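Heads up: the structure comes next, in C-alpha cells.
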Amino acid sequence: AEYVALSASCAQVIWMRTQLQDYGLNYNKIPLYCDSQSAIAISCNPVQHSCTKHIHTRYHFIKEQDENGMTELYFVRTEYQLADMFTKALPEDSFKYLVRRIGMRCLTPAELKVMSKESA
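Going by UniProt numbering, the first residue of the sequence shown is number 1, and it counts up by one from there.
Set out below in C-alpha cells:
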C-alpha cells in the first residue's frame, strides 16, 4: 500500500512540477518522504525480485523516476510523518506536535467568537 501511494503521489508531484516549469520555476530532484523502508527499498532497487512480482506494472512509475534521477526518496519516522495528521486518528500529543510542525495552531473558543463577529 505504501509503495502504491508513493507511486501515485510521485505522479501528482511530477505533474505539479511540469505546471511550475511553465511559470519558470525549475526543480532538479523532487524530494519524497516515506515512513516505509520497504517501499523505499523497492523503489530504489532496479532489479525486479520475486517478492515484488505481484505489484502491477503501473505502480512501478516511482522506480522509473528514481532511476531517471527525477526523485529523491527519504525515510521519515512515522511519528514525524506530517501527512499522517490528515489520514489517521492520532493521539492528542502527536496531533498537536504535527500541527505545530506545519505552522498551524488551534484557535481558542474566544478567538473563534471574535473571528465570527468580524466576518458578520
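Where a beta carbon is used, it is the ideal one built from N, C-alpha and C, also for glycine.
Being a predicted model, the structure only gives us computed values, none of them experimental.
- For S43, the closest of R17, L6, Y23 by C-alpha to C-alpha distance is L6.
- A distance below 8 angstroms separates the beta carbons of T71 and I30.
- W15 and N26 have their C-alpha atoms roughly 13 angstroms apart.
- The beta-carbon separation of T78 and D35, rounded to 5 angstroms, stays under the 8 angstroms limit for a contact.
- Cβ-Cβ separation between Y74 and Y33: approximately 5 angstroms, consistent with a contact (criterion under 8 angstroms).
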